[in-house]
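Colleague: For the record, in the sequence shown the residue sitting at position 59 is 59 according to UniProt numbering, with numbers rising by one throughout. Glycine residues also receive a C-beta, built at the ideal position from the N, C-alpha and C atoms.
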Amino acid sequence: MKHLTISQIGTIMTVAFMSICFQACAQHNSSSETKKELKNHTFEVQKTEQEWKEALDPMAYKVLREAGTERAFTGKYNDFKKEGVFVCNGCKTKLFSSETKYESGTGWPSFFKPINDENVLEVEDRSLGMVRTEVVCAKCGGHLGHVFEDGPKPTGLRYCLNSAALDFKEE
(Lines of atoms letter the chains of each structure in order from A; the text may use other names.)
(Lines give C-alpha, C1' and ligand atoms only; values in the text may rest on other atoms or scores of the structure.)
Protein backbone atom coordinates (compact mmCIF):
# COMPACT_ATOMS: atom_id res chain seq x y z
CA MET A 1 0.00 0.00 0.00
CA LYS A 2 1.38 3.38 -1.05
CA HIS A 3 1.40 6.17 1.57
CA LEU A 4 0.44 9.69 0.59
CA THR A 5 2.68 12.65 1.29
CA ILE A 6 1.47 15.69 3.21
CA SER A 7 1.48 17.63 -0.08
CA GLN A 8 -0.70 15.00 -1.79
CA ILE A 9 -3.14 14.96 1.12
CA GLY A 10 -3.32 18.77 1.01
CA THR A 11 -4.05 18.70 -2.70
CA ILE A 12 -6.80 16.09 -2.26
CA MET A 13 -8.35 18.09 0.58
CA THR A 14 -8.23 21.31 -1.45
CA VAL A 15 -9.92 19.68 -4.45
CA ALA A 16 -12.58 18.14 -2.21
CA PHE A 17 -13.17 21.46 -0.43
CA MET A 18 -13.49 23.37 -3.71
CA SER A 19 -15.91 20.78 -5.09
CA ILE A 20 -18.10 21.08 -2.00
CA CYS A 21 -17.96 24.90 -2.12
CA PHE A 22 -18.92 25.05 -5.79
CA GLN A 23 -21.85 22.71 -5.20
CA ALA A 24 -23.03 24.52 -2.06
CA CYS A 25 -22.76 28.11 -3.26
CA ALA A 26 -26.06 29.60 -4.32
CA GLN A 27 -26.38 32.25 -6.96
CA HIS A 28 -25.52 35.75 -5.70
CA ASN A 29 -28.76 37.74 -5.69
CA SER A 30 -28.27 41.12 -7.30
CA SER A 31 -29.44 43.13 -10.26
CA SER A 32 -27.23 41.00 -12.48
CA GLU A 33 -27.49 40.87 -16.21
CA THR A 34 -28.37 37.45 -17.60
CA LYS A 35 -26.30 35.80 -20.34
CA LYS A 36 -29.02 36.77 -22.81
CA GLU A 37 -28.83 40.42 -21.72
CA LEU A 38 -25.03 40.30 -21.80
CA LYS A 39 -25.12 39.35 -25.49
CA ASN A 40 -27.05 42.57 -26.08
CA HIS A 41 -24.64 44.64 -23.97
CA THR A 42 -22.38 46.95 -25.97
CA PHE A 43 -18.85 46.93 -24.64
CA GLU A 44 -16.76 50.07 -25.01
CA VAL A 45 -13.65 48.05 -25.94
CA GLN A 46 -14.30 46.04 -29.11
CA LYS A 47 -11.67 43.80 -30.71
CA THR A 48 -11.73 40.88 -33.07
CA GLU A 49 -10.72 37.49 -31.69
CA GLN A 50 -7.48 37.79 -33.67
CA GLU A 51 -6.75 41.18 -32.07
CA TRP A 52 -7.39 39.70 -28.60
CA LYS A 53 -5.07 36.77 -29.37
CA GLU A 54 -2.33 39.19 -30.40
CA ALA A 55 -2.83 41.44 -27.34
CA LEU A 56 -3.00 38.73 -24.64
CA ASP A 57 -0.74 35.87 -23.62
CA PRO A 58 -2.30 32.39 -24.11
CA MET A 59 -3.49 31.98 -20.49
CA ALA A 60 -4.97 35.50 -20.35
CA TYR A 61 -6.76 34.81 -23.64
CA LYS A 62 -8.11 31.48 -22.34
CA VAL A 63 -9.43 33.13 -19.16
CA LEU A 64 -10.64 36.51 -20.45
CA ARG A 65 -12.05 35.49 -23.83
CA GLU A 66 -12.96 31.81 -23.35
CA ALA A 67 -14.05 31.93 -19.67
CA GLY A 68 -11.28 29.54 -18.68
CA THR A 69 -9.92 29.07 -15.17
CA GLU A 70 -6.33 28.83 -14.05
CA ARG A 71 -5.47 26.06 -11.60
CA ALA A 72 -5.79 26.91 -7.92
CA PHE A 73 -2.66 28.25 -6.20
CA THR A 74 -0.87 28.88 -9.51
CA GLY A 75 -1.80 32.50 -10.26
CA LYS A 76 0.69 35.30 -9.65
CA TYR A 77 -1.75 37.35 -7.54
CA ASN A 78 -2.91 34.62 -5.14
CA ASP A 79 -0.31 35.42 -2.43
CA PHE A 80 0.38 38.94 -3.71
CA LYS A 81 0.66 41.60 -0.97
CA LYS A 82 1.56 44.93 -2.64
CA GLU A 83 -0.66 48.00 -2.33
CA GLY A 84 -2.35 49.29 -5.43
CA VAL A 85 -5.13 48.64 -7.89
CA PHE A 86 -5.98 45.49 -9.82
CA VAL A 87 -7.12 46.27 -13.37
CA CYS A 88 -8.57 44.20 -16.19
CA ASN A 89 -5.72 42.55 -18.10
CA GLY A 90 -7.65 43.12 -21.33
CA CYS A 91 -8.52 46.82 -21.15
CA LYS A 92 -6.91 48.19 -17.95
CA THR A 93 -10.22 49.21 -16.33
CA LYS A 94 -9.83 49.64 -12.56
CA LEU A 95 -11.55 46.71 -10.86
CA PHE A 96 -10.39 45.99 -7.29
CA SER A 97 -8.23 47.69 -4.67
CA SER A 98 -5.58 45.85 -2.67
CA GLU A 99 -7.45 47.22 0.38
CA THR A 100 -10.32 44.79 -0.34
CA LYS A 101 -8.11 41.78 -1.13
CA TYR A 102 -8.03 39.02 1.47
CA GLU A 103 -6.78 35.46 1.91
CA SER A 104 -9.73 33.16 1.21
CA GLY A 105 -7.71 29.93 1.18
CA THR A 106 -9.24 28.96 -2.17
CA GLY A 107 -6.10 29.37 -4.27
CA TRP A 108 -7.34 32.36 -6.26
CA PRO A 109 -7.07 36.08 -5.48
CA SER A 110 -10.19 37.11 -3.57
CA PHE A 111 -11.75 40.50 -2.89
CA PHE A 112 -14.82 41.55 -0.91
CA LYS A 113 -15.91 44.42 -3.18
CA PRO A 114 -15.04 46.09 -6.49
CA ILE A 115 -13.71 49.65 -6.71
CA ASN A 116 -16.85 50.65 -8.61
CA ASP A 117 -19.89 48.41 -9.16
CA GLU A 118 -20.24 49.87 -12.65
CA ASN A 119 -16.88 48.38 -13.71
CA VAL A 120 -18.01 44.78 -13.28
CA LEU A 121 -21.05 42.92 -14.52
CA GLU A 122 -22.48 39.90 -12.73
CA VAL A 123 -23.93 37.26 -15.02
CA GLU A 124 -25.71 33.97 -14.33
CA ASP A 125 -23.41 31.04 -15.12
CA ARG A 126 -25.01 27.58 -15.42
CA SER A 127 -21.86 25.76 -16.57
CA LEU A 128 -20.47 22.65 -14.85
CA GLY A 129 -23.94 21.57 -13.71
CA MET A 130 -24.38 24.36 -11.14
CA VAL A 131 -25.63 27.92 -10.88
CA ARG A 132 -22.99 30.52 -10.09
CA THR A 133 -22.52 34.21 -10.70
CA GLU A 134 -19.80 35.06 -13.21
CA VAL A 135 -17.93 38.35 -12.92
CA VAL A 136 -17.19 40.12 -16.22
CA CYS A 137 -15.35 43.36 -17.01
CA ALA A 138 -18.02 45.90 -17.95
CA LYS A 139 -15.72 47.69 -20.41
CA CYS A 140 -14.41 44.78 -22.55
CA GLY A 141 -16.53 41.77 -21.53
CA GLY A 142 -13.56 39.76 -20.28
CA HIS A 143 -14.28 36.88 -17.90
CA LEU A 144 -12.71 37.62 -14.51
CA GLY A 145 -14.01 34.83 -12.27
CA HIS A 146 -17.04 34.33 -10.01
CA VAL A 147 -18.61 35.94 -6.94
CA PHE A 148 -19.90 33.94 -3.96
CA GLU A 149 -21.78 34.86 -0.79
CA ASP A 150 -19.23 33.41 1.63
CA GLY A 151 -16.88 36.38 1.99
CA PRO A 152 -15.95 38.56 4.96
CA LYS A 153 -17.73 41.60 6.34
CA PRO A 154 -18.75 44.21 5.43
CA THR A 155 -20.15 42.78 2.16
CA GLY A 156 -20.16 39.03 2.80
CA LEU A 157 -19.00 38.58 -0.80
CA ARG A 158 -15.99 36.73 -2.24
CA TYR A 159 -15.00 37.85 -5.71
CA CYS A 160 -12.87 34.84 -6.65
CA LEU A 161 -10.80 35.92 -9.66
CA ASN A 162 -8.19 34.54 -12.02
CA SER A 163 -4.76 36.19 -11.83
CA ALA A 164 -4.51 35.89 -15.62
CA ALA A 165 -7.54 38.20 -15.94
CA LEU A 166 -5.82 40.88 -13.87
CA ASP A 167 -2.93 43.30 -14.07
CA PHE A 168 -1.63 45.36 -11.16
CA LYS A 169 -0.84 49.05 -10.85
CA GLU A 170 1.23 49.84 -7.76
CA GLU A 171 0.29 52.95 -5.77
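1. Output yes or no for whether 8 angstroms exceeds the beta carbon distance between Arg158 and Phe112.
2. Quick one: give me the first and last residue of the beta strand (DSSP E) that Tyr159 is part of.
3. Are the region 77-97 and the region 118-131 in contact at 8 angstroms, needing three or more beta carbon pairs?
4. Whose C-alpha, out of Lys53, Trp108, Glu66, Asn89, is nearest the C-alpha of Phe73?
5. Which residue comes first and which comes last in the alpha helix (DSSP H) that contains Phe64?
6. With which residues is His41 paired in a DSSP beta bridge?
7. Would you say Phe168 and Gly84 are within 8 angstroms of each other, going by their C-beta atoms?
8. In whole angstroms, what is the alpha-carbon distance linking Ala165 and Trp52?
9. Taking all protein chains shown into account, do 16 or more other C-beta atoms lie within 10 angstroms of the C-beta of Ser127, making it buried, or fewer, making it exposed?
10. I'd like the list of long-range same chain contacts for Ser98, defined as Cβ closer than 6 angstroms, with 5 residues on each side in sequence excluded.
11. Leaving aside the five residues before and after Lys62 along the sequence, list all residues of the same chain whose C-beta is less than 8 angstroms from its C-beta, in chain order.
12. So is residue 177 buried or exposed if we call it buried at 16+ other beta carbons inside 10 Å?
13. Taking only three categories from DSSP, how would you classify Glu124?
14. Ends of the alpha helix (DSSP H) at Lys169?
15. Once DSSP output is grouped into helix, strand and coil, what is the label at Glu149?
Modeller: The short version:
1. Walking along the sequence shown from the start, residue 158 turns up at place 158. Walking along the sequence shown from the start, residue 112 turns up at place 112. Their beta carbons are under 8 angstroms apart, which means Arg158 touches Phe112 by this criterion.
2. Taking the sequence shown and counting its residues from 1, the one referred to as residue 159 is at position 159. Taken as a continuous stretch (DSSP letters only), the beta strand (DSSP E) holding Tyr159 covers 158-161.
3. With a cut-off of 8 angstroms, the region 118-131 and the region 77-97 count as touching, because enough Cβ pairs lie within range.
4. Here residue 73 refers to the residue found at position 73 when the sequence shown is read from its first residue. Per the Cα distances, Trp108.
5. For the purposes of this step, residue 64 is taken as the residue at position 64 of the sequence shown. It is worth fixing the name first, because residue 64 is Leu in this sequence and not Phe. For Leu64, the enclosing alpha helix (DSSP H) begins and ends at 58-66.
6. For the purposes of this step, residue 41 is taken as the residue at position 41 of the sequence shown. DSSP links His41 through a beta bridge to no other residue.
7. Residue 168 sits at position 168 when you count from the first residue of the sequence shown. Residue 84 sits at position 84 when you count from the first residue of the sequence shown. Result yes, Cβ atoms of Phe168 and Gly84 sit closer than 8 angstroms.
8. Reading the sequence shown from its first residue, position 165 is the one you call residue 165. Reading the sequence shown from its first residue, position 52 is the one you call residue 52. Rounded to whole angstroms, Ala165 to Trp52 spans 13 angstroms at the Cα level.
9. Taking the sequence shown and counting its residues from 1, the one referred to as residue 127 is at position 127. The residue is exposed, with fewer than 16 neighbouring Cβ atoms inside 10 Å.
10. The sequence position of residue 98 within the sequence shown is 98, counting from 1. If we look at Ser98 and ignore the five residues flanking it on each side, its Cβ neighbours are Glu83, Gly84.
11. What you label residue 62 is simply residue 62 of the sequence shown in a count that begins at 1. The answer, listed in chain order, is Gly68, Ala164.
12. The requested residue 177 is not part of the displayed model; the chain covers only 1 to 171.
13. Mapped onto the sequence shown, residue 124 falls at position 124. Correct three-state label for Glu124: strand.
14. For the purposes of this step, residue 169 is identified with residue 169 of the sequence shown, where counting begins at 1. Judged by DSSP secondary structure, Lys169 falls outside any alpha helix (DSSP H) and instead within the beta strand (DSSP E) spanning 166-170.
15. Here residue 149 is taken as the residue at index 149 of the sequence shown, counted from 1. Coil, per DSSP.
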